[in-house]
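Per numbering that gives the first Met the number 0, the sequence shown starts with residue 0, numbered consecutively.
Structure first, then comments.
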Amino acid sequence: MKSAPQVNAPLPPPPAASRTAAPGSRQHGPRRIEDFRAERRETRQNGRTVITEPGRVIVRDPSGHSFIRHNEEDRFRRGARDFRQERVGNDTRTVIVRPDGTQIITVNDRDGRLLRRIRRDPRGREIVIIDNRSHGGHGHRRGGHGGSVAAGVAAGMAAGAIGGYFVSLPPPRIGIPRDRYVVEAEDAPPEVIYDTLMAPPVERIERPYTLDEVRYSPMVRARMPSIDLDTINFETGSWEIPPDQAAKLQVIADGINRAIRRNPREVFLIEGHTDAVGSDVDNLSLSDRRAQAAAELLTQQFQVPPENLVTQGYGEQYLKAQTDGPARENRRVTVRRITPLLDGGTASAAPPPPPRR
0 MKSAPQVNAP
10 LPPPPAASRT
20 AAPGSRQHGP
30 RRIEDFRAER
40 RETRQNGRTV
50 ITEPGRVIVR
60 DPSGHSFIRH
70 NEEDRFRRGA
80 RDFRQERVGN
90 DTRTVIVRPD
100 GTQIITVNDR
110 DGRLLRRIRR
120 DPRGREIVII
130 DNRSHGGHGH
140 RRGGHGGSVA
150 AGVAAGMAAG
160 AIGGYFVSLP
170 PPRIGIPRDR
180 YVVEAEDAPP
190 EVIYDTLMAP
200 PVERIERPYT
210 LDEVRYSPMV
220 RARMPSIDLD
230 TINFETGSWE
240 IPPDQAAKLQ
250 VIADGINRAI
260 RRNPREVFLI
270 EGHTDAVGSD
280 VDNLSLSDRR
290 AQAAAELLTQ
300 QFQVPPENLV
310 TQGYGEQYLK
320 AQTDGPAREN
330 RRVTVRRITP
340 LLDGGTASAA
350 PPPPPRR
């Protein structure tokens, strides 16, 4: 595993929402990585190399580490009946309206960084799913039912810009069996999948982390158990999930939906990983698009609420099998619950209960 980037300069904003992801539309266009290579553009910003391609911004730090950013709103807008954006002070509020009248409200600061994500049902009841308004745990709160968006926007403006994105932590001490810390989905029964999704952190969480800190800090994410799904066979260079592979996400979807019914504020990170074959830029883009494809399938086929999912690609940075050659176990999607990282929840080192017989 490559070490995490040591540069903590401000992140570039994610790309603007796609013009092609109109309300009610389905995704069209290229589904293979070579279709984007000719459209990449490279610039230098703040001492870093910034590569843009359709729907993605890839950043390479002076240390050689790379990471990728995308716009989650493209995923939320599919199947929506309405979409609108407005300025509120220095912030941008995006409202996506579903056919049943439910609204997904996203508030970003002037630099495109997420401040809040809210679900408002047709009767006006609100659930705050993600609240990034205060960095470093000072005054950070996760909302539940009630509270107005306008008040939240005002509080977000008062909190000011969110700070850095990388947190340096030592590896966690793992006090549960290794096969319950990283669960292989292929052989795990549904109760083990659910118990892993709902398992507490393996170490105490010292403070709430912002979503960007969770995305880009591997030792923050490592505080939570995860599920590896390496049985989906993507074609080389493609992120399309073949129909015969889609059913492999059923047990994951059932576990996530069960968790959200229990607590509608749960947030799950869908990670994409590749093997080490090919360029790091190709692999970052490919893994990010594969994570998005998995999240879209969870929503479209299994009705997982898209706003409770976050996607991120890591390319070849976190190899499961340490090899430079092709390896199926490295071409995987990983799922983990990140709600305790966002709320600053505390941990119990006790292992999840054994599977029911």
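Just so you know, even glycine gets a beta-carbon here, dropped at the ideal spot from N, CA and C.
Sequence-distant residues of its chain with Cβ nearer than 7 Å to V219 (five each side left out): V166, L168, Y208, E212, V213, L340
Within 7 Å, strictly: CB atoms of G344 and I126: no
Cβ contact (3+ pairs, closer than 8 Å) linking the region 273-280 and the region 222-232: no
Continuous alpha helix (DSSP H) stretch holding T195: start and end: 189-197
Stretch-stretch touch, CB-based, cutoff 8 Å, three pairs: the region 289-298 with the region 235-246: yes
Per DSSP, cross-strand counterpart(s) of L308: F267
Buried versus exposed call for D358 [16 or more other C-beta atoms within 10 Å across all chains shown]: Past the edges of the chain, shown from 0 to 356, lies residue 358, and the structure says nothing about it.
E52, DSSP secondary structure in three states: strand
Best match in A79, Q102, N107, I95 for proximity to V87 [C-alpha to C-alpha]: N107
S237, DSSP secondary structure in three states: strand
Same chain, Cβ closer than 7 Å to N307, five either side skipped, listed in chain order: I128, I259, E265, V266, F267
Simplified DSSP assignment, three categories, for R122: coil
Cutoff 6 Å; reference L196; Cβ partners in own chain excluding five residues on either side: G254, A258, R336
Of the listed residues S284, A15, E270, V181, nearest to I57 (C-alpha basis): S284
Validate contact between the region 44-56 and the region 74-94 using beta carbons, cut 8 Å, 3 pairs: no
CB contact below 7 Å: I255 versus chain D: The structure shown contains no chain D, having only a single protein chain.
Three-state secondary structure assigned by DSSP to I231: coil
Between the CA atoms of R331 and G63 - distance to the nearest angstrom: 23 Å
From A252, P53, P171, residue whose alpha carbon lies closest to that of F301: A252
Helix, strand or coil at Q302 [DSSP, three-state]: coil
Among T273, P13, N256, the one whose alpha carbon lies nearest that of A320: T273
Status (buried if at least 16 other CB within 10 Å, exposed otherwise) for I52: The residue you asked about is not Ile; residue 52 is Glu in the sequence shown. It counts as buried.
Rounded separation between R95 and E33 - CA only: According to the sequence shown, residue 95 is Ile rather than Arg. Cα to Cα, the separation comes out at about 32 Å.
Given P121 as reference, the closest of V303, G100, R39 once Cα atoms are compared: G100
Distance between A16 and N256 (C-alpha atoms, nearest Å): 27 Å
Span separating the alpha-carbon of R119 from that of F82: 14 Å
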